[in-house]
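Quick note: the sequence shown uses the numbering used here, first residue 611, plus one each step.
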Amino acid sequence: MNVQPRDPAPRPAAQDPGAQNPAAHNPAAQAPRPQDEPPVRLAPTPREPRRSGGAGGSGGSRGTVHGRRRFRPRYLLIPLVLWLAFLVGTPIYAWTKADEVAFSPTASKLDDQPGTTYLLVGSDSRAGLTAEQRKEYGTGNASGQRTDTIMLLHTGSGPNLLMSIPRDSLVDVPGYGTTKINAAYAYGGAKLLVKTIQQNTGIKIDQYVEIGLGGLVNVVDAVGGIEICPEQNMVDKLANLDIKKGCQEVDGTTALAYARSRHVSGLGDIDRAKHQREVVSAVGAKVLSPWTFINPVRYWKLNMAVTQTFTFGDGMHWWNAGLWAMAMTSVNGDDGLTCGVPISDLAVHWDPERSTEMFQAIIDDDTESIGDDLCTASGLEGNDGN
611 MNVQPRDPAP RPAAQDPGAQ NPAAHNPAAQ APRPQDEPPV RLAPTPREPR
661 RSGGAGGSGG SRGTVHGRRR FRPRYLLIPL VLWLAFLVGT PIYAWTKADE
711 VAFSPTASKL DDQPGTTYLL VGSDSRAGLT AEQRKEYGTG NASGQRTDTI
761 MLLHTGSGPN LLMSIPRDSL VDVPGYGTTK INAAYAYGGA KLLVKTIQQN
811 TGIKIDQYVE IGLGGLVNVV DAVGGIEICP EQNMVDKLAN LDIKKGCQEV
861 DGTTALAYAR SRHVSGLGDI DRAKHQREVV SAVGAKVLSP WTFINPVRYW
911 KLNMAVTQTF TFGDGMHWWN AGLWAMAMTS VNGDDGLTCG VPISDLAVHW
961 DPERSTEMFQ AIIDDDTESI GDDLCTASGL EGNDGN
């Protein structure tokens, strides 16, 4: 039996690669696809801030990084410079409104002394006060002018010292003999008062500051009032004063009445000098408080009030006034001394030994050596005035 070999099964016809895979005719298309190869990790590159506003920009806020506004120091610098200009420019402008007075005696024989000594004078002149103000302040209608307040402020290498001289102190007034020291101002103004103090103490007066009755009211009101601490209830009809014992905030009118009152206690003028030091120190502390410098309204009112109601000695500059104000703030602290001139009795005779020792310490700029026996509130030995 012959077996006929069968033809092998026909193979499928080879397909044209280009028929179902067009990429076969495209060498570029035959390249492996990215998803067919393992991913290649590239080193990260710093991200750059998006830019905007230029050609091809995508818009958005200028000066931003990743959507956040970039801080620009000049935004803070400009207002800071303007504020500093205001702080410096205001007293310079106000100083152009200040009055000056000649105070140095023409024949002064005192040599220069270390440190700086200021004479602060409170005049009781009614000039410039209206009838309503005289009634409100309780000043009366007295003519002429004398000094309600006489204080020496010494600054130097030791503690700052504020020493009040009672206006009823009996001293030798050049050309007028022995009389009350406040008469020197009435007889010859600032020059004779300075000459009288220098002749009786040996202390050279370097700077002079004078304030009238209305001036104190204006300054206290400009700083928003001050704190006083009367040690007893005080009713003084002559000064228009009626306040209770204890620390309290008062306005300018009450502060003036408190500083002028001398008819409540038996110490009279001695007690008044103590109140005056308290008021002046409180004003100084309020003047240099931080709130004064960050409150533009208060700062402006204060500078205007000081230069329009104070009179300064010739040769004094605005920075001298600033140093004086700074020194006034420290006299009531641990680094300062507040004293009455040493006296021997209630008739306000200066104690010859203790007052001489006090004056010499000021002349030598040696306030560090002044002890409690010399520096008392009343001026009396062993009496703190309380």
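Note that CB positions come from ideal geometry on N, CA and C, so glycine has one too.
Problem set entry | Integer Cβ distance of Val819 from Phe903, believed to fall under 8 Å | Between Phe903 and Val819 the Cβ distance is about 21 Å, and since that is not below 8 Å, they are no contact.
Exercise. Should Thr939 be labelled buried (16 or more other beta-carbon atoms within 10 Å of its own) or exposed?
Worked result: When all chains shown are included, Thr939 counts as buried.
For this session: Specify whether the segment 830–841 and the segment 799–811 touch according to this definition: at least 3 beta carbon pairs, one from each stretch, less than 8 Å apart.
Result: The answer is no - the segment 799–811 does not touch the segment 830–841, with fewer than three Cβ pairs under 8 Å.
For this session: To the nearest angstrom, report how far apart Asp709 and Trp901 are at their CA atoms.
Result: If I take the Cα positions, the gap works out to 27 Å.
Exercise. If you run the structure through DSSP and keep just helix, strand and coil, what is Ser774?
Worked result: Reduced to three states, the DSSP call for Ser774 is strand.
Exercise. Glu841 by DSSP, collapsed to three states: which one?
Worked result: Glu841 sits in coil when the DSSP states are folded into three classes, being neither helix nor strand.
For this session: Determine the burial state of Glu997: buried for a count of at least 16 other Cβ atoms within 10 Å of its Cβ, exposed for fewer.
Result: This structure cannot settle anything about residue 997, because the visible part of the chain is limited to 611 through 996.
For this session: Please say whether Ile813 and Ile972 have beta carbons closer to each other than 8 Å?
Result: Contact: yes.
Exercise. With respect to the alpha helix (DSSP H) encompassing Gln918, which residues constitute its N-terminal and C-terminal limits?
Worked result: Run containing Gln918: Pro906 to Thr919, per the alpha helix (DSSP H) assignment.
Problem set entry | Buried/exposed call for Tyr685, threshold 16 Cβ in 10 Å | Counting other Cβ atoms within 10 Å of its Cβ, Tyr685 stays below 16 and is therefore classed as exposed.
Problem set entry | Which of helix, strand or coil DSSP assigns to Gly787 | Strand at Gly787.
For this session: Measure the alpha-carbon distance for Ser774 versus Ala695 and round it to whole angstroms.
Result: Our two residues, Ser774 and Ala695, have alpha carbons roughly 37 Å apart in a direct line.
Exercise. Got a sec? Which residues, its chain only, sit under 6 Å from Cys839 by beta carbon, not counting five neighbours each side?
Worked result: Correct list, in chain order: Cys857.
Exercise. Looking only at C-alpha atoms, which of Ala892, Val897, Gly925 and Met914 sits nearest to Thr948?
Worked result: Residue Ala892 is the option with its Cα nearest to Thr948.
For this session: Taking all protein chains shown into account, decide if Gln817 is buried (16 or more other Cβ within 10 angstroms of its Cβ) or exposed.
Result: Residue environment for Gln817: buried (at least 16 other C-beta atoms within 10 angstroms of its C-beta).
Exercise. Between the C-alpha atoms of Ile688 and Val698, what's the straight-line distance to the nearest angstrom?
Worked result: Looking at the two C-alpha atoms, the distance is approximately 16 Å.
For this session: Please classify His927: is it buried, with 16 or more other beta-carbons within 10 angstroms of its beta-carbon, or exposed?
Result: With fewer than 16 Cβ atoms within 10 Å of its Cβ, His927 is classed as exposed.
For this session: Specify whether the segment 842–858 and the segment 754–771 touch according to this definition: at least 3 beta carbon pairs, one from each stretch, less than 8 Å apart.
Result: No: fewer than three Cβ pairs fall under 8 Å.
Exercise. In three-state DSSP terms, what is Leu720?
Worked result: Coil.
Exercise. Out of Gly989, Gly992, Asp974 and Glu991, which has the shortest C-alpha to C-alpha gap to Gly725?
Worked result: Comparing Cα-Cα distances from Gly725 to each of Gly989, Gly992, Asp974 and Glu991, the minimum goes to Asp974.
Exercise. Can you name the start and end residues of the beta strand (DSSP E) that Val972 belongs to?
Worked result: A quick correction: the sequence has Ile, not Val, at residue 972. Segment Pro962 to Ile973 is the alpha helix (DSSP H) holding Ile972; no beta strand (DSSP E) there.
For this session: Following the continuous beta strand (DSSP E) through Ile853, name the residue where it begins and the one where it ends.
Result: Segment Leu851 to Ile853, the beta strand (DSSP E) holding Ile853.
Problem set entry | Cβ-Cβ separation, Ala867 to Val889 (assumed contact under 8 Å), whole Å | Not quite, the Cβ-Cβ distance comes to about 10 Å (not below 8 Å), so this is no contact.
Exercise. Mind checking Thr706: buried by the 16 CB within 10 Å criterion, or exposed?
Worked result: It is exposed - the Cβ of Thr706 has fewer than 16 other Cβ atoms within 10 Å.
Exercise. Looking only at its own chain, which residues have a Cβ that is under 7 Å from the Cβ of Gln918, when we skip the five neighbours before and after it?
Worked result: Around Gln918: Lys707.
Exercise. Taking the alpha carbon of Phe969 as the point to measure from, which residue in Ile807, Gly824 and Asp879 has its own alpha carbon closest?
Worked result: Closest option to Phe969, Cα to Cα, is Ile807.
Exercise. Helix, strand or coil for Met926 per DSSP?
Worked result: In the structure shown, Met926 falls within a coil segment according to DSSP collapsed to helix, strand and coil.
Problem set entry | Where the beta strand (DSSP E) through Leu729 begins and ends | Counting along the chain, the beta strand (DSSP E) containing Leu729 begins and ends at Thr726 to Ser733.
Exercise. In terms of residue numbering, what span does the beta strand (DSSP E) encompassing His885 cover?
Worked result: No beta strand (DSSP E) contains His885, which is instead part of the alpha helix (DSSP H) from Asp879 to Val897.
Exercise. Which residues share a DSSP beta bridge with Met761?
Worked result: Its beta-bridge partners are Leu730 and Ser774.
Exercise. Going by DSSP, which residues form a beta bridge with Ile953?
Worked result: The partner list for Ile953 (beta bridge, DSSP) reads Trp960.
For this session: Would you mind sorting His764 into buried or exposed? The rule is 16 or more other CB atoms within 10 Å of its CB.
Result: In the assembly as shown, His764 is a buried residue. Its beta-carbon has 16 or more other beta-carbons within 10 Å.
Exercise. Where does the unbroken alpha helix (DSSP H) through Val941 begin, and where does it stop?
Worked result: Unbroken run through Val941: none, as it is neither H nor E.
Exercise. From Leu898 to Leu720, what distance separates their C-alpha atoms?
Worked result: The straight-line gap from Cα to Cα measures roughly 33 Å.
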